[in-house]
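A.B. asks:
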Amino acid sequence: MRWAVGARGHQFGGSGVKAETPFMRILTRYILKEVFSHSLPGLLVFTFLIFVPQIGRLLEMVVRHSLPFSSILTLFLLPLPGILVMTIPMAVLVGILIGLSRMSADGEVIAARATGVGLSQFVRPVLIFALAGWGVASWMSLVLAPQALRQLQRMELGFRTSEAPHDIQPRVFLEQFPNLLLYLQDVTGSRSEWRGVFIADTTQGGAPKITLAERGVLVNDTRSPRLTLHLERGTTHEIDSEHPERYAVGSFTDTDIPIPLERGGAAREERRVPARLTVKELAASAQNPAERQTALVELHYRLALPVASLVLALVGVPLGLFTRKGGRAVGVMMTVALVFVYYILMAFGLSFAKQGRLDPAIGLWIANAVFGLTGILMLTHMRRLRLRLQFFQERAEDLIRGWQQRRRRRIELTRHAPEDEILHPRSSGERLFLILDLYILRGWFFYFAVLLVGFAGIYMIFDFFQLLSDVVRNRIGAGVVLDYYRFLAPQIIYLMLPLSVLVATLVNFGILAKTNQITALKSAGISVYRASAPILVVAAALSLAMFVLEDTYLPETNQRQDALRNQIKGKP
476 MRWAVGARGH QFGGSGVKAE TPFMRILTRY ILKEVFSHSL PGLLVFTFLI FVPQIGRLLE
536 MVVRHSLPFS SILTLFLLPL PGILVMTIPM AVLVGILIGL SRMSADGEVI AARATGVGLS
596 QFVRPVLIFA LAGWGVASWM SLVLAPQALR QLQRMELGFR TSEAPHDIQP RVFLEQFPNL
656 LLYLQDVTGS RSEWRGVFIA DTTQGGAPKI TLAERGVLVN DTRSPRLTLH LERGTTHEID
716 SEHPERYAVG SFTDTDIPIP LERGGAAREE RRVPARLTVK ELAASAQNPA ERQTALVELH
776 YRLALPVASL VLALVGVPLG LFTRKGGRAV GVMMTVALVF VYYILMAFGL SFAKQGRLDP
836 AIGLWIANAV FGLTGILMLT HMRRLRLRLQ FFQERAEDLI RGWQQRRRRR IELTRHAPED
896 EILHPRSSGE RLFLILDLYI LRGWFFYFAV LLVGFAGIYM IFDFFQLLSD VVRNRIGAGV
956 VLDYYRFLAP QIIYLMLPLS VLVATLVNFG ILAKTNQITA LKSAGISVYR ASAPILVVAA
1016 ALSLAMFVLE DTYLPETNQR QDALRNQIKG KP
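The number in our numbering is simply the position in the sequence shown, starting from 1, with 475 added.
#1: Work out the CA separation of A999 and M476 for me, nearest whole Å.
#2: Tell me whether the beta-carbon of I968 lies closer than 8 Å to the beta-carbon of L1011.
#3: Pull up the distance between the alpha-carbon of F939 and that of I933, whole angstroms please.
#4: Going by DSSP, name the residue or residues bridged to L704.
#5: So, do the region 957–968 and the region 1021–1037 have three or more beta carbon pairs nearer to each other than 8 Å?
#6: Check R643 in the structure and name its three-state DSSP category.
#7: What span of residues does the beta strand (DSSP E) with A675 cover, start to end?
#8: Is the region 568–585 in contact with the region 755–773, if contact means three or more CB pairs nearer than 8 Å?
#9: Report the residue from Y914, L963, V976 whose alpha carbon sits nearest the alpha carbon of L996.
#10: Per DSSP, what kind of secondary structure is H712 in: helix, strand or coil?
#11: Taking one C-beta from the region 534–550 and one from the region 915–923 each time, how about it: are there three or more such pairs within less than 8 Å?
#12: Apply the 10 Å Cβ neighbour rule to Y817 and answer buried if 16 or more other Cβ atoms are within range, or exposed otherwise.
#13: List the endpoints of the continuous beta strand (DSSP E) containing D834.
#14: If I'm right that Q1042 touches V955 with Cβ under 8 Å, what's the distance once you round it to whole angstroms?
#15: From M536 to M630, what distance separates their C-alpha atoms?
#16: Using a Cβ-Cβ cutoff of less than 6 Å, which residues in the same chain neighbour N983 once the five nearest sequence positions on both sides are dropped?
#17: Using C-beta distances below 6 Å, list every residue in its chain close to M565, excluding the 5 sequence neighbours before and after it, in chain order.
#18: Just to confirm, is the Cβ distance from F930 to S1002 under 8 Å?
#19: Do you know offhand how far L559's Cα is from T1032's?
#20: Measure the Cβ-Cβ separation of L706 and A723 and say whether it is below 8 Å.
#21: Please name the residue or residues paired with S726 in a DSSP beta bridge.
#22: Can you tell me whether D912 is buried or exposed, with buried defined as 16 or more other CB within 10 angstroms of its CB?
#23: Nearest to P683 by CA position, among V694, R670, I714, is which residue?
#24: Nearest to M808 by CA position, among L963, A924, L657, is which residue?
#25: Using the C-alpha atoms, what's the distance from R751 back to Q660?
#26: The alpha helix (DSSP H) that contains Y1028, what's its start and end?
#27: By the 10 Å Cβ neighbour count, where 16 or more other Cβ atoms means buried, how is P973 classified, buried or exposed?
#28: On a Cα-Cα basis, can you pick out the residue from V662, T711, T678, H712 that is closest to V692?
#29: Taking its Cβ as the centre, do 16 or more other Cβ atoms sit within 10 Å of L519, making it buried, or is it exposed?
#30: From F673, L627, F634, pick the residue whose C-alpha is nearest to that of V647; which is it?
#31: According to DSSP, is K684 part of a helix, a strand, or is it coil?
#32: So the alpha helix (DSSP H) Q992 belongs to, where does it begin and stop?
#33: Report all residues from its chain with a CB closer than 6 Å to the CB of L771; omit the five preceding and five following residues, and keep chain order.
#34: Mind the definition here: the region 504–512 touches the region 584–603 only if three or more C-beta pairs lie below 8 Å; say whether that holds.
#35: Could you check how far apart the C-beta atoms of L785 and L568 are, in whole angstroms? I think they sit under 8 Å.
Structure, rendered in structure tokens:
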């Protein structure tokens, strides 16, 4: 971009070029374009990262029910609003950090300031973009996400109620329904009408309640997680567990018996899930003392999470503007670190609020308060911050430069090889990787490790958000939760490896191209294909390791984490 165009003849001052000039309108559009162009890929990556755990469950429903394309599309779109509420702030941050870091590393920020543009002129379009992200995330959090969750629940209930009759076989004791034991003498072709019905109900504990009927008709109830069995011409037999000598027999012409499709279905039906309630329903629930804490936690959570777009932007602007080296790569690294810290704080605040140890107005806003105050302080002291960042960057560069020089001297003392050893080994098979390969792999492994840890951490945090209500309701100890994530970690690493390899490769080769190292390699007769060979070898080794893990270690750890997850969710 030619910064001098349109700048001549405009007024300059302490605040720089006036915002209403054509030059400033061009600059604003340029910054917005730069930020948005990096936010969109970030949104896709982070959304896919969090959507991964749900893909298996959704595909299972698609296969079992042979759904048409329209239903498949709806099924995969409905979880997205709840995910986008979390990933839109991440995308805003990644766009700001990568966009501004790239402009700063390329000297465009310095060039703009040389024309009289103040730092505040960079902040303004970025905050406009952050406000847009906050608005979209708020709409999804307050309106669209609850509607999508209710629609998804209705679809899943419809699938379960439609498939339940087809799983029922005659002349077999059926134990698939919680607290019920069924035996049918015969069923009709549609399997919804039964003959010779025997039911043992153990809901009350102690002696079961026995029901016998000549005929039964299974009725779907799509509004709740249960079926209704309409019985005709039967009897009931009950024994008082406290007085076994008492035996009660009753007869009926017809009666209805609810059959839950999942354990605790009746309780779940009576207990409304806060995430599916509208804002108006949450406000009404907050007036009920029994539901007040839960409703306030959900309400503050929906209001606080979209604000992350604003507070992360406040922190991201000064960090992006004063990044001298690295450009996009540094932006990616800072994004992962800041997102990880923010959602860790949000998870702790949400946990304490749900346990009643913190007021929801405090617990759910701690992360926003910390990042918001930090961002405001950084913006108001940008000049001082720039000097401090430059100081730390120079010290870090001096340490790295000194370590490289010491390493180079050790290498020169231990070997006396010709200059072309970079390209040719001293003997066949003497060294697996050459100096060039090790140089490329060193940078790649750094980004790969940081991204793998960051992606796995974000995955775990989002999963913890999903389980937190069950942890509090079922009084699960910290040891069980830690064991669950210890056994879940191998599966998460297995899922995140391909994505981490992809992003690390893009970042590493992006830096090599940015610093003209690819051009230097080409001038020495080394092609890009040869430069990428070590990464391809390592990627192939990681693929082989994934195959081995899938057949040896993962089945055992997945069984353990499934059992612990069922314990956390209160399932047998």
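Just so you know, even glycine gets a beta-carbon here, dropped at the ideal spot from N, CA and C.
Computed from a prediction, not measured in an experiment: that's the story for all the values here.
C.D. replies: On the basis of the coordinates in this document:
#1: Reading the sequence shown from its first residue, position 1 is the one you call residue 476. Reading the sequence shown from its first residue, position 524 is the one you call residue 999. Its pLDDT being 47, under 50, M476 is placed unreliably by the model, and the measurement read from it follows with that caveat. Spanning the two alpha carbons is a distance of roughly 31 Å.
#2: Looking up residue 968 in the sequence shown gives position 493. Looking up residue 1011 in the sequence shown gives position 536. No. Outside cutoff.
#3: Counting from one through the sequence shown, the residue named residue 939 turns up at place 464. Counting from one through the sequence shown, the residue named residue 933 turns up at place 458. If you take the alpha carbons of F939 and I933, they lie about 10 Å apart.
#4: Here the question's residue 704 lines up with position 229 in the sequence shown. Partner(s): L693, I732.
#5: yes
#6: Your numbering for residue 643 matches position 168 in the sequence shown. At residue 643 the sequence reads Ile, which differs from the Arg that was named. In the structure shown, I643 sits in coil (DSSP, three-state: anything other than H, G, I, E or B).
#7: Indexing the sequence shown from 1 puts residue 675 at position 200. Element bounds for A675: 668–676.
#8: no
#9: Indexing the sequence shown from 1 puts residue 996 at position 521. Closest option to L996, Cα to Cα, is Y914.
#10: Translated into the one-based positions of the sequence shown, residue 712 becomes position 237. It is a strand residue.
#11: no
#12: Looking up residue 817 in the sequence shown gives position 342. When all chains shown are included, Y817 counts as buried.
#13: For this step, residue 834 is matched to residue 359 along the sequence shown. No beta strand (DSSP E) contains D834, which DSSP labels as neither H nor E.
#14: For the purposes of this step, residue 1042 is taken as residue 567 along the sequence shown, with counting starting at 1. For the purposes of this step, residue 955 is taken as residue 480 along the sequence shown, with counting starting at 1. That pair is a contact at about 6 Å.
#15: Counting from 1 along the sequence shown, the entry for residue 536 is found at position 61. Counting from 1 along the sequence shown, the entry for residue 630 is found at position 155. Cα-Cα distance, rounded: 10 Å.
#16: In the sequence shown, the residue the question calls residue 983 occupies position 508. Excluding positions up to five away in sequence, the list reads G918, W919, Y922.
#17: If you number the sequence shown from 1, residue 565 lands on position 90. Excluding sequence neighbours, M565 sits near F521, V814.
#18: In the sequence shown, residue 930 corresponds to position 455, counting from 1. In the sequence shown, residue 1002 corresponds to position 527, counting from 1. Contact: no.
#19: Here the question's residue 559 lines up with position 84 in the sequence shown. Here the question's residue 1032 lines up with position 557 in the sequence shown. Their Cα atoms are separated by approximately 30 Å.
#20: In the sequence shown, residue 706 corresponds to position 231, counting from 1. In the sequence shown, residue 723 corresponds to position 248, counting from 1. Contact flag unset, no.
#21: Here residue 726 is taken as the residue at index 251 of the sequence shown, counted from 1. T710.
#22: As a working mapping, residue 912 is identified with position 437 in the sequence shown. D912 should be labelled buried.
#23: The sequence position of residue 683 within the sequence shown is 208, counting from 1. That would be I714, whose Cα lies nearest to the Cα of P683.
#24: What you label residue 808 is simply residue 333 of the sequence shown in a count that begins at 1. The shortest C-alpha separation from M808 is found at A924.
#25: Position 185 of the sequence shown holds residue 660. Position 276 of the sequence shown holds residue 751. In this structure, the alpha-carbon of Q660 lies about 41 Å from that of R751.
#26: Your numbering for residue 1028 matches position 553 in the sequence shown. Y1028 -> no alpha helix (DSSP H), and no H or E assigned at all.
#27: Position 498 of the sequence shown holds residue 973. Classified as exposed, P973 has fewer than 16 neighbouring CB atoms from the shown chains inside 10 Å of its CB.
#28: Translated into positions along the sequence shown, residue 692 becomes position 217. Comparing Cα positions, the closest option is V662.
#29: As a first step, residue 519 is located in the sequence shown; it is residue number 44 there, counting from the start. By the neighbour-count rule (16 or more Cβ atoms within 10 Å), L519 is not buried but exposed.
#30: Numbered from its first residue, the sequence shown carries residue 647 at position 172. Nearest option by C-alpha distance: F673.
#31: On the sequence shown, residue 684 is found 209 positions in, with the first residue counted as 1. Here K684 sits in strand by DSSP.
#32: Residue 992 sits at position 517 when you count from the first residue of the sequence shown. Counting along the chain, the alpha helix (DSSP H) containing Q992 begins and ends at 992–998.
#33: If you number the sequence shown from 1, residue 771 lands on position 296. When the five nearest sequence neighbours on each side are left out, the beta carbons in the same chain lying within less than 6 Å of the beta carbon of L771 are those of A761, P835, in order along the chain.
#34: yes
#35: The residue given as residue 785 occupies position 310 in the sequence shown. The residue given as residue 568 occupies position 93 in the sequence shown. Actually they are not in contact, since the Cβ atoms of L785 and L568 sit about 11 Å apart, beyond 8 Å.
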